Amino acid sequence: MDLTIPLATLATVGRIFLLIALAVFTGHLLAYAAIKSRRFENVYVPLVNVFESIPVIGFLPLVLVAFVLTFHGPIGVELAVDFLVFDAVAWNVWIGIYQAFKTVPLHLVEVSDNYNLSFWKKMTTLFVPHSIPRVTSNIFSSFADAFFYISVSEVFTAGAATASLCPGGTCSTFGIGTLITQYTISGDYTGVYYCLISIAVAVIVVTAALSRLSRWALAKFGVDTPGVIKRHAGRWRGRLVTSPWRAFRNQTNVFRGYASRLRANPREGQTEVGSVWRARITKYAGTSIAVAVLALVLYGSATLAASVSAQTWYGFFRETPQLLEYVGADYLRVSLIALASLALAVTVGYVLATHRRTGDAALPVVQVLAAFPSPTYFPLIFIATLPFLEHVLPSLYTEVYIFVLGFLSCFYYVFFDFWIGVQAIPSEFVEVTRNYRLPFLTRMRRVILPATLPYMITGLSSTINSAWAGIAIGEYWPNIAPTVAPNGLQVKFGMMYYISSNMANGQVAAAAYVSLLFAIVVAIYGIAFTRNLMDLARKKYVVEEGIFAA
Amino acid sequence: MAGPETKGSTVLEGRDLAYSYPGATKPVFADINLFTKVDEFIAVVGPTGTGKSTLLRVLAQLIPQAAGKVFLDGVEVSRPSPKISLVHQSIATFPWMTALDNVRLVLAGTGMDEQEAVAHCKKMLSVVGLQGFEGYYPKEMSGGMRQRVAIARALAASPEVLLLDEPFVHLDELTANEIRKEVYDLVFNPATTLKSAVLVSHNLHEVVQLADRVYIMNSTPAMIVDIVKIDLPRPRIERDPGFLDCVDELYKGLNLKKAKS
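Protein chains in written order, with our numbering: chain A, 1 to 550; chain B, 1 to 261.
Okay, structure coming up:
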């Protein structure tokens with residue numbers, strides 16, 4: 001019996017969880033620094049948002065070169081792949097822990113300050129336990145994100161830049177993503193199917209385990225747990241049962257509760273009662289870390305900028321209008337994907353949220369589907385549909401594939417957030433809509449959509465951020481199915497194509513320049529869209545504020 | 001259990017009502033029989049956990065009963081109806097709507113002309129003393145004003161019965177007292193369609209001040225253990241010995257664990 005496929009699956013899952021563990025560990029340290037130092041927080045949070053939006057996939061060859069040249073051979077490739085997977089899992093976990101630390105109840109912080117608990121004690125007795133439900137919830141998304149990349153991260157044909165570094169120019173490390181790519185390239189679709197089955201088993205097992213972990217974490221560490229005590233005769237009597245989605249909901253509510261407090265007390269709702277010297281050390285340490293991080297970013301940028309000749313820079317500037325059009329084209333693609341995801345969320349998501357039995361049956365299926373990495377099965381869809389689509393939509397079929405891949409990679413964020421938002425609407429409001437028999441459209445327009453706006457913005461923001469990953473893969477996938485498409489899946493007009501193709505051809509500076517433009521656009525978008533809409537939502541659409549219980 | 005003699009014809013009636021939480025083996029309450037007559041204000045009291053708020057939701061058909069039936073004007077009710085309006089304990093007003101919009105919400109889908117609807121809602125806001133505050137958002141209002149908005153919303157739906165789930169519990173005593181009087185007046189105000197009201201409360205003084213009849217719930221599962229008729233003249237004064245006697249009688253009733261036979 002050939003154990004290659006199960007072993008490769010285990011290797012991939014093990015790699016992902018090791019890197020998630022690393023992200024959790026570092027996330028706690030960084031989050032603590034962020035809540036203790038406003039300066040560090042001001043650098044940390046925007047950077048995490050920007051890094052979350054820019055798919056590192058386009059830069060893998062660069063990362064690969066750096067690691068392989070530094071560590072040589074398979075270790076270098078392994079570290080490069082680990083870096084990519086870490087990039088996929090870290091931001092989500094980090095921001096989750098940061099939010100958890102920010103929502104530690106004020107009275108508990110006061111107790112820990114009151115008794116002068118040490119850093120270690122505070123972490124082990126308050127901050128880490130409080131973050132556990134949030135972390136366990138976020139691990140699910142991180143796992144899904146990490147798996148999303150496996151078929152393009154574990155094996156990589158790096159083009160001219162790395163042709164001499166790996167045998168045949170193709171660098172790979174042991175894992176299920178590598179096997180799938182190898183089977184696809186050699187046309188062994190039976191092998192691909194076995195790999196997909198193996199992934200399905202892994203996803204179902206991990207999803208089930210994470211659900212249990214989430215329930216346990218919420219029962220043990222949740223604040224105002226919304227779960228119900230399930231009463232059985234026997235040893236399991238009194239065990240707390242809830243769903244992982246309730247776990248998400250609870251966390252979101254806690255965060256929003258915190259948001260309300262934050263308005264009342266702009267200084268993070270925390271009382272700085274402790275020795276002055278300790279506060280000073282924390283402040284200076286935070287500032288130092290912030291300065292160090294900024295310096296690293298600036299140094300990296302400056303080094304890259306200096307390595308490029310003035311003539312090349314001039315060429316970039318001249319190309320800027322064209323590059324911005326590429327960025328615009330990709331934003332249009334992302335917008336279509338986001339709109340489709342939103343439409344699915346407010347229709348199917350609403351039905352699942354309001355029909356309990358249907359929801360209970362359908363949600364685990366959606367959860368598994370969301371965790372199942374679309375790039376692993378997408379080539380099969382591509383192979384099966386290419387002749388038809390090429391014939392029916394000769395000039396648009398690539399756009400359809402990019403749309404589908406992007407949609408599969410991110411629809412679930414806004415879907416689940418909307419679902420959670422509907423669940424979180426106070427029962428009093430639901431009763432008002434039922435009591436007065438509000439028509440469906442009135443209910444949606446006047447009650448459901450406004451009440452879920454903060455959730456929708458959060459979900460839409462994550463959907464948009466993640467759509468870039470799907471687009472990054474879809475716009476330049478040269479070896480998606482060599483048997484039916486020798487040139488692969490490529491779109492000529494798009495920023496992600498520009499980045500990926502330039503990286504593959506060793507044009508690192510050109511790819512870096514358009515990425516810089518993209519980062520600026522992402523930052524503007526972050527302020528114009530996410531922050532402003534979130535501000536509006538928090539100002540006017542916090543549904544809990546409609547319940548007066550003075 | 002036969003109740004004491006009452007005036008008018010029956011408006012709302014719950015017959016042999018029982019309720020169990022999904023999956024639970026024991027009912028929260030069982031064999032509940034209660035009714036309201038025209039121009040009658042009734043109250044339901046009982047210790048915490050006896051299912052008083054749940055009973056109101058069953059009467060409003062917001063949740064289905066495990067057994068029994070609910071009738072309005074002699075016709076069985078099987079789904080929520082604006083004719084039976086619930087006012088919540090936690091004052092529920094939509095924060096993104098003005099007072100007027102909050103009230104107008106219940107007229108959506110009724111086919112009422114826009115101008116007529118606005119006039120109707122303004123009138124209801126005026127009835128609860130909120131004329132001039134139509135454009136205010138709930139955040140800009142006190143708890144008492146918000147509860148008035150919620151009551152105006154309930155009235156705008158032209159209900160026959162108002163179900164009040166501890167509506168004054170979050171208000172200060174002065175405001176609560178003021179709104180109590182207003183609510184009582186509303187039940188008998190010809191400008192409204194209200195015929196009767198059912199109040200759930202822990203505050204026995206409030207109950208004696210408002211109610212014509214009081215149903216006392218107790219025991220496990222909860223049932224009606226006593227019905228107390230309050231015949232005091234109105235307006236009722238708390239220092240009046242008769243008032244205090246009624247409060248005492250309710251206290252005694254609350255200590256009953258089984259229904260009087």
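Using N, Cα and C, we set each Cβ at its ideal position, and we do this for glycine too.
From a predicted model like this one, the values you see are computed outputs, not experimental measurements.
Inter-residue distance for Glu-76(B) and Val-422(A) is about 31 Å (C-alpha atoms, whole angstroms). Taking the CA atoms as reference points, Trp-419(A) sits about 42 Å from Tyr-284(A).
In the DSSP assignment, Met-503(A) falls within the unbroken alpha helix (DSSP H) covering 495-504. Residues Val-228 of the same chain have their beta carbon placed closer than 6 Å to that of Glu-249(B), with the five preceding and five following residues left out of the count. The three-state secondary structure of Tyr-513(A), taken from DSSP, is helix. With contacts defined as CB atoms closer than 8 Å, Ser-85(B) and Val-200(B) fail to qualify as a contacting pair. About 30 Å separates the CB atoms of Asp-2(A) and Val-89(A); that is not less than 8 Å, and the two are not in contact. Within the model, the alpha-carbon separation for Gly-73(A) versus Phe-86(A) is close to 20 Å. In the three-state reduction of the DSSP assignment, Val-28(B) falls in the coil class.
Between the region 493-509 of chain A and the region 101-109 of chain B there are fewer than three inter-stretch CB-CB distances shorter than 8 Å, so the stretches are not counted as touching. Assignment of Tyr-194(A) by DSSP, reduced to helix, strand and coil, places it in the helix class. Between the region 119-138 of chain A and the region 67-83 of chain A, the count of Cβ pairs shorter than 8 Å is below three; the stretches do not touch. Straight across, the Cα-Cα distance linking Phe-25(A) with Glu-41(A) is about 18 Å. Of the other Cβ atoms in all chains shown, 16 or more fall within 10 Å of the Cβ of Thr-452(A); this residue is therefore buried. CA-to-CA, the gap between Phe-372(A) and Thr-124(A) works out to about 34 Å.
A contact between stretches requires three or more CB pairs, one per stretch, nearer than 8 Å, and the region 8-15 of chain B meets this requirement with the region 64-72 of chain B. In the DSSP annotation of this structure, the continuous segment of the alpha helix (DSSP H) that includes Tyr-412(A) starts and ends at 397-424. Taking the Cβ atoms as the reference, Asp-417(A) lies roughly 5 Å from Thr-458(A), within the contact range of under 8 Å. Chain order gives the chain A residues near Gly-109(B) as Arg-437, Leu-438, Pro-439, Thr-442, where near means a beta carbon separation below 8 Å.
Leu-210(B) sits away from Glu-160(B), with the two beta carbons spaced by 8 Å or more. Between Cys-410(A) and the set Leu-10(A), Val-48(A), Ile-197(A), Ile-471(A), the nearest pair of CA atoms involves Ile-471(A). The beta carbon of Leu-204(B) sits closer than 6 Å to the beta carbons of Val-247, Leu-250 from its chain, once the five residues preceding and following it are set aside; these are given in chain order. According to the DSSP assignment, Phe-317(A) belongs to the alpha helix (DSSP H) that extends over 310-344. Apart from the 5 residues on each side of it in sequence, Ile-547(A) sits with its Cβ closer than 7 Å to the Cβ of Pro-426, Glu-428 in its chain, given in chain order. By the beta-carbon neighbour count (other beta carbons within 10 angstroms, threshold 16), Glu-134(B) is buried.
Chain B places no beta carbon closer than 8 Å to that of Arg-134(A), leaving this residue out of the contacts. For Phe-147(A), the closest alpha carbon among the candidates Ser-515(A), Asn-532(A), Ser-112(A), Ile-199(A) is that of Ile-199(A). Contacts with chain A (Cβ-Cβ distance below 7 Å) from the region 9-35 of chain B involve no residue at all. The beta carbon of Gly-488(A) does not come within 8 Å of any beta carbon belonging to chain B, so the residue lies off that interface. Distance between Tyr-412(A) and Leu-342(A), taken at the CA atoms: about 10 Å. Shown here, Cys-166(A) sits in coil according to DSSP, grouped into three states, outside any helix or strand.
Per DSSP, the unbroken alpha helix (DSSP H) holding Leu-453(A) starts and ends at 449-475.
Residue pairing by DSSP puts Gln-490(A) in a beta bridge opposite Tyr-476(A). Look at Asp-226(B) here: in three-state DSSP terms it is strand.
Against chain B, a Cβ distance below 7 Å from Gly-546(A) picks out Ala-92, Thr-93, Phe-94, Pro-95, Pro-138. Counting the other CB atoms within 10 Å of its CB gives Val-351(A) a total below 16, which places it among the exposed residues.
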